[in-house]
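A.B. asks:
In UniProt numbering, the protein residues as written are 1 to 100.
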């Protein structure tokens, strides 16, 4: 899989937080929502444009992966959690999925 580093700042369309991108930023660190804009990471070639809801979290070792599901087309994509992400929300999503 090819990766295109795209450094962009954005305002989260879910919670309104101003996010400073670093070229690898693909979701809001506060609410963890994303936007369906890439076919390949960073290419901004996806036409869907739907909002990507954080639906579950997977943990492997010390690394957390947020699984986003597009509210428009239903596609699911994994995104690595970053240290600046809202860890309380990561735990909450994990707990909600564990109890299902």
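Note that beta-carbon positions come from the ideal geometry of N, C-alpha and C, so glycine has one too. Since the model is a prediction, treat every value here as computed from it, not as a measurement.
(1) What are the boundary residues of the alpha helix (DSSP H) that residue 4 is part of?
(2) For residue 98, is the classification buried or exposed, using 16 other Cβ atoms within 10 angstroms of its Cβ as the cut-off for buried?
(3) Could you name the residues that DSSP lists as bridge partners for residue 57?
(4) Counting only the same chain and skipping the five closest in sequence on each side, list residues whose C-beta sits under 7 Å from that of residue 71.
(5) Kindly indicate the opening and closing residues of the alpha helix (DSSP H) around residue 96.
(6) Taking just the CA atoms, how far does residue 62 sit from residue 34?
C.D. replies: In brief:
(1) Sequence index remark: in the chain shown, residue 4 carries index 4 (1-based). No alpha helix (DSSP H) contains residue 4, which DSSP labels as neither H nor E.
(2) Taking the first residue of the chain shown as 1, we reach residue 98 at position 98. Exposed is the call here.
(3) Mapped onto the chain shown, residue 57 falls at position 57. Answer is 66, bridged to residue 57.
(4) Counted from its first residue, the chain shown places residue 71 at position 71. So the qualifying residues of the chain are 50, 51 and 53.
(5) In the chain shown, counting from the first residue as 1, residue 96 sits at position 96. Residue 96 -> alpha helix (DSSP H) spans 87-98.
(6) Working through the chain shown from its first residue, we reach residue 34 at position 34. Working through the chain shown from its first residue, we reach residue 62 at position 62. C-alpha of residue 34 to C-alpha of residue 62: approximately 22 Å in a straight line.
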